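Numbering (the numbering used here), first residue to last: 1 to 372.
Since the structure comes first, as structure tokens, the remarks are kept for the end.
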DNA sequence: AAGGCGGGGAC
DNA sequence: GTCCCAGCCTT
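Right under this line is the structure:
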């Protein structure tokens, strides 16, 4: 077994020699960029985040710029990253910090955790990386490392198991002196980064690199051959199938977009008009003077964590004598030129559908067409 | 305590 | 195809 007091010093030594040191958000102790990176990294892998992070920093270099930007612009930069409530909370949090916190991040976990989009683990990560706080994170990496090194059974998504892991994680923190010193800050940062690095580079889900692990000699899972079964997997659940129709309404070079409701799937994003069935589709099209059959494009299958969605895109073109603006009355509908779509926050599958309009493969598209 | 919420990488 | 990732929020 690994002694509690042995864990932190061994991890810190390993991180300083073998951990990651050149990720974009590690080049600074600016609370703004650290906060941004932590939000983006929620449920999202490092390799996916990097490009989004760099684009975001370029467009919104500081808290002031983000707070003063329209939410729509923030959503457009976030488009494709998923979990869009993160972007809405990010924007709301920036404005809150400007108006209620003098544009400064609080340096205590208890205050950080009150901010929108910041939970217990993210609060700890920000407090450590920006301020050298003596707090523990508990993310997916840490849960996997702790489950294996200390042989913790039970699905970590279950409350009881998670509570036990928080307690264990707190007990593993390196000793800390009062008052805090720069050396202490650096130790906390190496320790916290080490937890993430170990889980992300060695103690990975599929095939952990135990031979290179600093805890190999005392790891409960390794010693008992349980690397494959720890952490305990999520209970299996069936994934429902759903289908929906989306209307691609073309008016010259523009296409009609609708803003989705603020809550629910793709909340607040712009999307194609969505209808549940063919009857609703016909009724919708009729409002724009369309009576001809619509052209069905190839269905798109999109898989979420909890269900699978088949999108059936239907294409229609307004006749030149129609007056489409008369049918678009509210601010939640807009005609957008196909070249201007990148300025809109669109769900990834919708962006994919519209991309096929830009560079259609005529033979393929024709082959897939039929009428409804 | 349980479920909702995206998208993509790894296998 | 499956599983899960630097989780948080609402109910």
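Backbone N, C-alpha and C define an ideal beta-carbon position, used for all residues, glycine too.
All of these numbers come straight from a predicted model, not from anything done at the bench.
Within the same chain, 202 come within 7 Å of residue 212 by CB-CB distance, once the 5 residues on both sides are set aside. Listed in chain order, the non-local C-beta contacts of residue 184 below 7 Å within the same chain comprise 132, 176 and 177, local neighbours out to five positions each way being set aside. With fewer than 16 other beta carbons inside 10 angstroms of its own, residue 17 counts as exposed. For residue 193, the secondary structure class from DSSP, reduced to helix, strand or coil, is helix. With fewer than 16 other Cβ atoms from the protein chains shown falling within 10 Å of its own Cβ, residue 54 counts as exposed. Counting along the chain, residue 251 sits inside the beta strand (DSSP E) bounded by residues 241 to 251. If you draw a straight line from the Cα of residue 13 to the Cα of residue 218, it comes to about 16 Å. Beta-bridge annotation (DSSP): residue 314 is paired with 247 and 296. Taking the Cα positions, residue 164 is about 13 Å away from residue 142.
In the displayed model, residue 224 falls within coil according to three-state DSSP, outside both helix and strand. Just measuring C-alpha positions, the residue of 103, 289 and 45 sitting nearest residue 64 is 103. DSSP lists 270 as the beta-bridge partner residues of residue 259. Around the beta-carbon of residue 188, 16 or more other beta-carbon atoms lie within 10 Å, marking it buried. Cβ neighbours of residue 224 within its own chain (closer than 6 Å, five residues either side excluded): none. Spatial neighbours of residue 31 in its own chain (CB-CB distance under 7 Å, excluding positions within 5 residues in sequence) are listed in chain order as 105, 126 and 130. Excluding five sequence positions before and after residue 166, the CB atoms of its chain that fall closer than 6 Å to its own CB belong to 138, given in chain order.
Of the residues 279, 334 and 352, the one whose Cα lies closest to the Cα of residue 250 is 334. Boundaries for residue 333: no alpha helix (DSSP H) harbours it, while the beta strand (DSSP E) harbouring it runs 333 to 337, taken from the DSSP string.
Apart from the 5 residues on each side of it in sequence, residue 257 sits with its Cβ closer than 6 Å to the Cβ of 270, 334 and 336 in its chain, given in chain order.
Of all alpha-carbon atoms in 151, 39, 57 and 287, the one lying nearest the alpha-carbon of residue 316 is that of 287. Residue nearest to residue 245 within the set 280, 239 and 262 is 280 (criterion: CA-CA distance). Distances from the alpha-carbon of residue 339 to those of 330, 356 and 328 put 356 closest.
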